[in-house]
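In the order they appear, the protein sequences are chains A and D. First residue of the first sequence? That's 804 in my numbering, and the numbers climb one at a time after it. First residue of the second sequence? That's 5 in my numbering, and the numbers climb one at a time after it. First the structure, in the form of structure tokens, and then the observations on it.
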Amino acid sequence: MSVKQERSSKIRDFFTPYRIWLGVVFILLVGWAIINYNHGHRVYALLIIAFYLVSLLLPKPSFTLVLVSVIAYMFLSSVSLSAFAQVRKTITDAMEHPSQPLNNLLTPHTGLEVLPEPVQQMLALIEEHKITSYRLSPQMSADYHIVQRIVESAWPLRMSEQATSVFTAIDETGDFPACDLIDQAEEVSLVNCP
Amino acid sequence: MSTALNLLRLVGLTAAALLYLVGLGWLIAGPLLHGNFLRRKMDSLLIEEFPLILLGGFILNFGILLIFQKLKLSLIIGGVLALIGLFLFILYLVRNHIQKLRNPDSLNKWVGVAFFVLLLAGPILSNALYDWDARSIWFFHAKMIYFAGSIGLEAGWQDPTVVFSQLDYPKMIPSLASQIMYIMGFWNEYLPKLSLFLVFIPPTVWLVTFARKTFSYAFLVFLLPFSLFPWLWNGYMDGLLAFYFCIALLLFDRYMQKGRKIDLVSSIACTLFLLYIKNEGNLALLVLFFAFAVYAIISKWPIRLKTRPTLAINWRYVIIGVVVLIPFVIWSFYEKQWGLSNDLGLGTQASFQRLALRLSDGSLELITEKLFKYINASLMLLVLLLVSNLLFKRPFVRESLPAIIATSLYVLGMGLVYLITPHDLVWHLNTSTVRVMELANGGFMIACYLILRTLEEDPVVNEPKPIGRF
């Protein structure tokens, strides 16, 4: 066998269909890693390439390496860890103050503290002045966060264009000279516009 | 003292709700599983039947409310039916399952369920309704139903000040929340979430039925419910939708592996239940059924099953299938009657115009980038496991195909929805992609789990052949 033929035979032996397939996969993985790298997911890009190259360099494919990579992935990317932290916090809090979550669950009107401050003030004014319908000033209406929060939290009390009770921002009360100031809170005024 | 009393009240309320749902659910699940209410005909364990019974209870309860509209009347009628159902279920339980419940294996699984459910009850119930959609949509609808004492028009669906609230969204979970609060007689921002907790129980029970002492199961439990954080407990429906989607895939896989009818029935029930959770459930249902059909064809089902299903139509299943879809049809009818149209305007001429425009103005790239951002992590793991499979010179894990097909189609479907959205595209993407892609992440995770499980069980993987050095 000539040297040339011997070399060609060695090359043929080396490039088995499986090795060609591994090469194609490597090219695809590099492309995939580049996309990830460019999108800011650098850890994933490095993880996949490192996993592949280490697997190829090992004498035999290792299932342990697969497991380690999966565990690494779980720690790097999953939000499960935050979920566990949340579960742990809830349990710790409940153990320290067992009455609080139960009171929260079984007492009327609890949980309103999550609302924005102006909305809490409006709810207090509604309660105090026994308002039956209300509307918001233009400035208040422009803030869709405030609009949605007051509509849902004050329900079944309904917002109405015909209402005489108007909630205004504290610095906006002067824009309603024809209306009577009923009450004021820190950020919100209640005026009556007949 | 008051803490103990409150604990008793909460446990009592939860237990009463579960008994009510089991009683109602048995009226559907009994005939569905066994063709009767008292005799066990299907080879299934109680722990496999229980979540199915609860799903039946949720749907029947919602159907009764939709038909009678008034909370009080529906609860009375539902209560009477539940008592009948519960009586029949207890008889069934005593005659068929009570001995098996004492079996340590069965007991262990129930303890596992209780532990799992209680672990996640904390985050669900201890946080007030805070996030946007939870307050502006889901539990606002519950509040509207609660204060009107009715799911009818008097709830205020046509009030011009609530147009922001996506009033066409499914009402099953809001209805349940309003019923719970109606029973208690007051409203607050914590207790309505008990409805989320109740709906969270069935997929959790199913998840426990897959328990095995393996790494792959630990992986599944670590990722499936917990990676849906915080969407599973913040009052959004996306976490529940993803959870049910994943369980439908897992149950279908178990059916294809073992051929047990309970798994097929449960998988289809989970798939149908998606309709009642969220509008995206319509798309999820379509892609799941498509993926199941494709997989059934390519795996030469039912030839390889030991017990070949007959081609004759089983009218029992058809009738029950129709019954469980009735509430969905009734709500769709009400939506049309009351003019509660979807804000996306799917299928309208304007939507096609937007589609044509967005295909040419670079929006597609923006959408792709955003979708990729949120599914990239799970996709990366899938790639890693597919590569592992190749390195071990193992054939492609066909069991993962339904999950890959259904999830990919779901992502494409959502991409299409974004292409035709009438909202500002950037705003719509920024406010929703992260949560609607939870389902896609869950689907890819299931594919990963199935590959991992197959590799774990494969004797060749434990005695691998050399790859050959370069």
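The beta carbon of each residue, even a glycine, is placed where N, CA and C say it ideally should be. Every value quoted in this text rests on a predicted model; they were computed, and no experiment measured them.
In this structure the segment 912-919 of chain A does not lie against the segment 882-902 of chain A, because fewer than three pairs of beta carbons, one per stretch, are closer than 8 Å.
Scanning the segment 867-954 of chain A from its first residue to its last, the whole alpha helix (DSSP H) runs of 4-plus residues come out as 883-899, 902-909, 920-931 and 941-944. 8 Å or more divides the Cβ of Ser231/D from the Cβ of Leu255/D.
Between the alpha carbons of Tyr855/A and Cys250/D lies a distance of about 29 Å. Assignment of beta-bridge partners to Val969/A by DSSP yields Arg938/A and Val994/A.
Ile266/D is classed as buried because its beta carbon has at least 16 other beta carbons within 10 Å across all chains shown. When Cβ pairs closer than 8 Å are counted between the two stretches, the segment 16-33 of chain D is seen to touch the segment 198-208 of chain D, the count reaching three or more. By the rule that beta-carbons nearer than 8 Å mark a contact, Asn841/A does not touch chain D. Its Cα nearest to that of Ala972/A, the residue Val950/A stands out among Gln808/A, Ile830/A and Val950/A.
Looking from the CA of Leu363/D, the closest CA among Ala273/D, Tyr422/D, Asn346/D and Thr411/D belongs to Tyr422/D. Contact residues of the segment 890-909 of chain A toward chain D are Val890, Lys892, Thr893, Ile894, Asp896, Ala897, Pro901, Ser902, Gln903, Pro904, Leu905, Asn906, Asn907, Leu908 and Leu909 (C-beta to C-beta distance below 9 Å). Contact of Thr165/D with chain A is assigned, a C-beta pair being separated by under 8 Å. Interface with chain D (8 Å Cβ-Cβ cutoff): His932/A is excluded.
Residues Gly153 of the same chain have their beta carbon placed closer than 7 Å to that of Lys76/D, with the five preceding and five following residues left out of the count.
Counting only unbroken stretches of 4 or more residues, the alpha helix (DSSP H) elements lying wholly within the segment 84-133 of chain D are 102-105 and 108-130, in sequence order. The C-beta of Tyr821/A has fewer than 16 other C-beta atoms within 10 Å across all chains shown, which makes the residue exposed. Looking only at Leu413/D, Val328/D and Tyr414/D, the smallest Cα-Cα distance to Leu31/D is reached by Val328/D.
Within the segment 375-394 of chain D, Phe376, Lys377, Asn380, Ala381, Met384, Leu385, Val387, Leu388, Leu389, Val391, Ser392 and Leu394 place their CB atoms closer than 8 Å to a CB of chain A, listed in sequence order. Against chain D, a Cβ distance below 8 Å from Met877/A picks out Phe223, Phe226 and Leu227.
Restricting attention to Ser6/D, Leu56/D and Lys374/D, the CA atom closest to the CA of Thr435/D is found in Lys374/D. A straight line joining the alpha-carbon of Val121/D with that of Leu180/D spans about 19 Å. A check of alpha carbon separations from Ile830/A across Ile852/A, Tyr840/A and His948/A identifies Ile852/A as the nearest.
Asp257/D counts as buried, since no fewer than 16 other beta carbons sit within 10 angstroms of its beta carbon.
Proximity of the segment 868-887 of chain A to the segment 376-391 of chain D meets the contact definition, three or more beta-carbon pairs being nearer than 8 Å.
Against chain D, a Cβ distance below 9 Å from Phe854/A picks out Leu388, Val391 and Ser392.
Leaving aside the five residues that flank Glu403/D on each side, the residues in its chain whose CB is nearer than 6 Å to its CB run, in chain order, Asp257 and Leu454.
Between Pro174/D and Asn283/D, the C-beta spacing is below 8 Å. Remark: C-beta atoms of Val882/A and Phe233/D approach each other more closely than 8 Å.
Ala407/D is a Cβ neighbour of Ile450/D, given a cutoff of 8 Å. For Asp986/A, the enclosing beta strand (DSSP E) has its first and last residue at Asp983 to Gln987.
Arg810/A sits in a helix when the DSSP states are folded into three classes. Closer than 8 Å to the CB of Val869/A there is at least one CB belonging to chain D.
If you draw a straight line from the Cα of Tyr259/D to the Cα of Ser220/D, it is about 19 Å long.
Around Trp191/D, the beta-carbon contacts reaching into chain A at under 8 Å are Pro911 and His912. Identification of chain D residues near Leu832/A by a Cβ-Cβ cut-off of 8 Å yields Val387 and Val391, ordered along the chain.
Among the residues facing chain D, Pro959/A is included, as its CB has a counterpart in that chain under 8 Å away.
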